[in-house]
Amino acid sequence: MGKAASAPATVVLAVNGERYEAAGVDPSTTLLEFLRTQTPVRGPKLGCGEGGCGACVVLVSRYDPATDEVTEFSASSCLTLLHSVDRCSVTTSEGIGNTRDGYHPVQRRLAGFHASQCSFCTPGMCMSIFSALVKADKAAGRPAPPDGFSKLTTSEAEGAVSGNLCRCTGYRPIVDTCKSFAADVDLEDLGLNCFWRKGKEPADVSKLPGYNSGAVCTFPEFLKSEIKSSVDQANGATVTVSDDGWYHPKSIDELHSLFDSNWFDENSVKIVASNTGSGVYKDQDLYDKYIDIKGIPELSVVNRNSKGVELGSVVSISKAIEVLSDGNLVFRKIADHLNKVASPFVRNIATIGGNIIMAHSSSARAKVDTLNASYANGITSGSTEYSPVEHLNVDSNDLPIRSRQEMAFSDEYKPVGKPIKKAGAELQASGQAIYVDDIPAPKDCLYGAFIYSTHPHAHVKGINFKSSLASQKVITVITAKDIPTGGENVGSSIMNLGDEALFADPVAEFAGQNIGVVIAETQRYACMAAKQAVVEYSTENLQPPILTIEDAIQRNSYIQIPQLFAPKPVGNYNQGMSEADHKILSAEVNLESQYYFYMETQVALAIPDEDNCITIYSSTQIPELTQNMVARCLGIPFHNVRVITRRVGGGFGGKATKPTHIACACAVAAFKLRRPVRMYLDRKTDMIMAGGRHPMKVKYSDASPAMPRAIIGALKKYNWGALEFDTKLCKTNVSSKSAMRAPGDVQGSFIAEAIIEHVASALSVDTNAIRRKNLHDFETLAVLYGESAGEASTYSLVSIFNKLALSPDYQRKAEMIEHFNSSNRWKKRGICCVPCTYEVSLRPTPGKVSILNDGSIAVEVGGIEIGQGLWTKVKQMTAFGLGELCPDGGECLLDRLKPIKENLEANANPVEWSALIAQASTVSVNLSAQAYWTPDPSFTSYLNYGAAIGEVEVDVLTGATTILWSDIVYDCGQSLNPAVDLGQIEGSFVQGVGFFTNEDYATNSNVLVIHDGTWTYKIPTVDTIPKQFNVEMFNSARDQKRVLSSKALGEPPLVLAASVHCAMREAIRAARKEFSVSTGPANSATTFQMDVPATMPVVKELCGLDVVERYLESISAAGPNTATA
């Protein structure tokens, strides 16, 4: 092997300018794990562990003593091994701005453009933007930008966060933040912000938080000195070896010497360059030794010659893109292809060779390997030979993202009604906002991970472990037998439907059910050990599992629906069917499940306390439910359980009933071991166990008279004339689902749209004409919705729908689409306008206001901040209540303070607030007041209204869909905070787009989720949102029965995303008509079943699977170098 230089068994790095050492560290330790457990840094978050979400992004700076240059690049710290950043400088979101030193312009602009909601992803977004600024500012040959801007172009700015996921905002305000730094941006194009009043004041860069172009991070001098010193000491050495199993050969020969030794026979060894492959095929065990080949010069070569370009196997994908972009057309096409691989922060460290070899270790197809087939001619011969397909050129959809927001602000309830930025937004962008997993680990803390069943309806006979390094780290396994005497095996309680078990005992009812909890010294060890679990199953004396809705129907397996939810018929359906001129009998549509994909997975920390008490830190939307379940599980009084929730990293319903499982599991383990226990689910486990939206199978019958007014048995969104429907809740051996944003409503609303589309196709009538014909007038609305309809003056749907569907813009678009479709064979466009009627229930809510001795105010309300801006609105309401006149608690306090204020005014005018409170304290005035708000008994729910236009373009050859335009008008009542409410509308809509188009919730034959991570389950990204995204907030008539006449905005807009699905149907219909496609006896060219989600394969199939073959045949017949567009 040659001489080996034993390097210090210590990793040295700088974190935000401070020196850190890691002695004897496990070589499998990631940078993220080190930052979060060994430093005060909490900005980088574990969102996926796959390099697919961007929550963990940091900036890595590497110094080259040979050239005296520093190279910076963004990286996924969840994949980057700590040893690979030895002698590097790492910058996190706290390092560029914080509460002590002040916030960076990136953080302040993210806050000012209202780009922060739950903000679990925001520190990663912040670092992606910052990294793009650093890269642009160091780019040579670019002119100096104007003051306040960077050297970024608008397109580069939009791409800065192309790999970062956000489930809350809908991305539009994040993109505005990015573009605000671009030198070529038109500031008037940017959306609502707190720097200038949109539409009222001119946009001016001087009003933005100042940015000094060129002010990049500085590499620490102490680290430069250490690097130079270590280079001098290492001269003449060969393989660098650390005492903890990290090997760093410096040449191919040294690498071969390692291979030729018997070292591999004695150890489990992993060869790494950047370790990004572990995000795809995921390590199933720990390794003894690691060999880092990144430092081998022969593997890092980049050469250009007459034959082409030679790239070493450890050249990063980003470097390859940079080199190839300067080449000929073929090389530029390859660079374009590589730009679609992963995300910038992965491409910066992932290697060409690693991406190709990854295919040998997993079922995932290597993304780079496909280049060999696609561009072989151009690379191997040095000349360019094109097949006809390469000339195919259709209009590009790579359009800049634009938006428009329209809203009216009210001065009646100042500061209520003002677009005030979200409270704590800068704090969240800095990464200093504390979530449950950010809480420092208590002394002697242990960590847990679920072992879940992979079989449905099977006896669990035992749990063992494979012989592995990971299994050696197991301390114990907690199962149902460890529940304390007097406690219950209960994990959650589902509204009106009973309890769900914490542990499968003795039968696992479904795949994904919890069997046991592995306890280990670290979270990583616990998760890896859980993967090594070998569960023995038996199906003896058990019926076959019920795995589908069809199975449940066949075996009559249903859950009794409480009478409260039983549907009530309206009108005479049978008469309507008998009198109809047109009938559609027993049509069907299916809607699949949808995963929450909150950025923060399920997490809890249980700490045993004195006197049989326990404290639970939980990321939950309903702390009282968590308290109840933990108390029942442990067999202790409710008051012995304290549940603390400061903030939640996204919920969407998934943090309602599901967090109680993990809280109870932690509590049982902590109670037994008398030590704190923390659990933070990895993304795969969360996706398998957390459930999601309920899937549905719907069959409907439809009848229409000669005039196209539908009379059908479906849902009450439209005035059907007669309405009769039945609901069956299937009992299956499938993982239980839970409420997800707009639960039931999004499915019901879509079913109504599917019926409208079906009727229009059957009658060859414009769908918008059918929709307008079936919109309610107020009288029919009141019949179906009763007291929820409110007053006639509050019914705004007809005017909203007509404003969009009858607008000149819509008519012009429709004409342009007709022309486009007739002129383009392989791409088709569609447009559609969809209305929304959404019923919202009011519930009693407590509140308490306390004025402290220094005059500061503490407010308690019955809600949790999950990103929806609750605290911001509460602050606005409090300021209004104590500054003006407010009912209940605020008014009570004002009455108590009034005599003291009048007394002080007699002696001094005006009276300072602090003096008033100080005087009140001395005379023993009670400065706390509480109230319990209850809705009017005759008004326990109300209706929300809105409408949306969707315009899409479908690629007939691939099934890819681009959303060109979305226009939303939403009745928000009287908005309490237009900035917060706009974010809720946009975020909800984009989440709905994911449900309708690309979130494929795939399972195996046991109905165990297999699309279980960011590489297989695709939520909308910044690249897939509408290219033109307009929102108008419609202020409807006041109604004092609602809180300051406001309305809910978090869930109803999701329903409007059906406009995209319906527009896709129109585009597909155009393709089917042109190609005369028929996909079955019930599906003609214009009438066909289009389920949810309409993913690329679904769209391609509906357009006709033989279309591509037809195309290839046509161009082959036309001869070489010919293509049709």
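Per this note's numbering, residue 591 is the first one in the sequence shown, and the count goes up by one each step.
The beta carbon of each residue, even a glycine, is placed where N, CA and C say it ideally should be.
For clarity, every value in this text was computed on a predicted model and none was experimentally measured.
Pick from the options: whose alpha carbon is nearest that of residue i?
i       : options                               : result
VAL1597 : GLU1455, SER1514, PRO1285 and LEU901  : PRO1285
PRO810  : ARG677, PHE854 and MET1654            : ARG677
LYS872  : ARG1662, GLY1603 and VAL1080          : GLY1603
ARG1433 : TYR1532, SER1511, ASN1443 and ALA1253 : TYR1532
THR1468 : ARG1486, GLY1457, GLY1453 and VAL1449 : VAL1449
GLU623  : ARG609, GLY614, ALA613 and GLY639     : GLY639
CYS1254 : ILE1073, VAL1580 and GLY1540          : ILE1073
GLY637  : ILE947, PHE710 and TYR880             : PHE710
LYS1608 : VAL1580, LYS814 and LEU1634           : VAL1580
LEU889  : GLU900, VAL904, MET1654 and ASP878    : VAL904
ALA863  : ILE942, GLU791 and LYS930             : ILE942
LEU1442 : ALA1519, ALA1592, PHE1315 and VAL1688 : ALA1519
GLY835  : LYS1063, TYR877 and ILE1341           : TYR877
ASN1146 : CYS756, ILE1136 and PHE1155           : ILE1136
VAL1451 : ASP1444, GLY1445 and SER1440          : SER1440
Thinking residue i and residue j are a contact (beta carbons under 8 angstroms), I'd like their distance in whole angstroms, please.
i       : j       : result
GLN1122 : SER1043 : In fact, because the Cβ distance is near 16 angstroms, the residues do not count as touching under 8 angstroms.
GLY633  : SER683  : 4 angstroms
PRO1213 : THR1235 : 5 angstroms
VAL680  : VAL601  : Not really, about 11 angstroms apart at Cβ, beyond 8 angstroms.
GLN1192 : ALA1280 : 6 angstroms
ALA1352 : THR1677 : 6 angstroms
GLY898  : VAL891  : About 13 angstroms separates the two Cβ atoms, so there is no contact after all.
GLY628  : PRO1005 : For the record, residue 628 in the displayed sequence is Gln; it is not Gly. With 8 angstroms as the limit, GLN628 and PRO1005 do not qualify as a contact, their Cβ atoms being about 43 angstroms apart.
According to DSSP, what are the bridge partners of residue i?
i       : result
ASP1199 : CYS1203
ASN688  : GLY692
PHE1055 : ALA1123
HIS1049 : VAL1097 and SER1128
SER1440 : ALA1448 and SER1518
TYR1042 : ASN1104
ALA604  : ARG609 and SER679
ASN1493 : None; ASN1493 has no bridge partner.
CYS1256 : DSSP, once it has assigned bridges, lists no residue as partnering CYS1256.
ASN1180 : LYS1287
ASP882  : VAL862
Output yes if chain B places a C-beta closer than 7 angstroms to the C-beta of residue i; else output no.
i       : result
GLY1161 : The chain labelled as chain B is not found in the depicted structure, where only one protein chain is given.
Please report the straight-line C-alpha distance between residue i and residue j, rounded to a whole angstrom.
i       : j       : result
VAL1179 : GLU1140 : 14 angstroms
PRO1568 : VAL1160 : 37 angstroms
ILE566  : VAL1542 : Given that the chain is displayed from residue 591 to residue 1715, the structure contains no residue 566 and the question cannot be resolved.
LEU1483 : MET1623 : 34 angstroms
ASP1696 : GLU1656 : 20 angstroms
VAL648  : HIS694  : 15 angstroms
ALA1707 : ARG1700 : 11 angstroms
TYR610  : GLN1018 : 25 angstroms
LYS797  : LEU777  : 11 angstroms
VAL615  : ARG787  : 53 angstroms
GLU608  : GLY917  : 41 angstroms
LYS909  : MET1680 : 43 angstroms
Looking only at its own chain, which residues have a Cβ that is under 7 angstroms from the Cβ of residue i, when we skip the five neighbours before and after it?
i       : result
LEU1371 : ALA1379 and TYR1385
GLU1090 : GLY1081, SER1082, ILE1084 and SER1326
THR1250 : GLY1081, SER1082, LEU1215, THR1216 and MET1219
VAL1570 : LYS1012, GLY1459, THR1462 and LYS1463
GLU1016 : TYR693, GLN697, ARG698 and ALA701
TYR1207 : VAL1026, ILE1029, ALA1194, LEU1195 and ILE1234
Less than 6 angstroms between C-beta atoms, sequence neighbours within five positions excluded: which residues of the same chain meet that for residue i?
i       : result
CYS1547 : Residue 1547 is actually Leu in this sequence, not Cys. Contacts found: TRP1416 and VAL1698.
PRO713  : GLY633, SER683 and GLY1021
PRO1265 : The identity of residue 1265 in the sequence shown is Arg, whereas the question assumes Pro. Result list for ARG1265: ASP1034 and LEU1036, in chain order.
LYS814  : TYR653
ILE1149 : LEU1319 and LYS1321
Spatial neighbours of residue i within its chain, please: CB distance less than 8 angstroms, with the 5 preceding and 5 following residues excluded, ordered by chain position.
i       : result
LEU845  : PRO839, ILE881, ILE883 and ILE886
ASP1526 : LYS1631
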